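Read in order, the letters of the sequence shown are residues 91 to 187 in this note's numbering. For each residue, glycine too, the CB sits at the ideal point set by N, CA and C. Keep in mind it's a predicted model, so treat the numbers as computed, not measured. Encoded as structure tokens, the structure appears first; notes follow it.
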Amino acid sequence: MALEPGILAGFLVIFLAVLLGPFKIHVIEENLEPFLLVCGIAAMTLSGFVELPGEETGWRMEIIEESLTSPLHVGDIFGIPIGIFQIVLVVGLIIYK
Numbered sequence: 091m092a093l094e095p096g097i098l099a100g101f102l103v104i105f106l107a108v109l110l111g112p113f114k115i116h117v118i119e120e121n122l123e124p125f126l127l128v129c130g131i132a133a134m135t136l137s138g139f140v141e142l143p144g145e146e147t148g149w150r151m152e153i154i155e156e157s158l159t160s161p162l163h164v165g166d167i168f169g170i171p172i173g174i175f176q177i178v179l180v181v182g183l184i185i186y187k
């Protein structure tokens with residue numbers, strides 16, 4: 091099943107930005123984590139326009155819950171599961187200048 095040209099072009103732009111942006115633009119290299127977060131949000135939003143029979147696409151509560159709870163479970167703090175996403179976010183905020 092082929093994607094619509096506009097959606098395909100959007101995904102291609104995001105792909106090329108992630109692939110080439112950090113090498114070509116110094117500001118992106120210095121702020122890689124926020125850049126990749128924005129690209130991921132853009133890709134997730136764009137995927138909401140894709141229609142696949144029998145599949146839900148785009149933003150859903152299950153996707154948000156999974157992204158916050160399942161990536162590389164490191165441990166629990168007060169019963170809250172901590173993954174690599176939370177660790178990178180907290181450390182990034184601590185060392186941000």
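Reduced DSSP category for residue i - H, G, I as helix; E, B as strand; rest coil
i, result
"Pro95", "helix"
"Gly138", "coil"
"Pro171", "strand"
"Gly165", "strand"
"Glu120", "helix"
Straight-line gap, residue i to residue j (C-alpha atoms, nearest Å)
i, j, result
"Lys114", "Ile104", "15 Å"
"Pro95", "Phe139", "12 Å"
"Val117", "Ile153", "30 Å"
"Leu102", "Gly173", "29 Å"
Residue i burial status per 10 Å Cβ neighbour count (16 or more: buried)
i, result
"Leu98", "exposed"
"Leu136", "buried"
Cβ neighbours of residue i in the same chain (closer than 6 Å, five flanking residues each side left out)
i, result
"Glu123", "Gly182"
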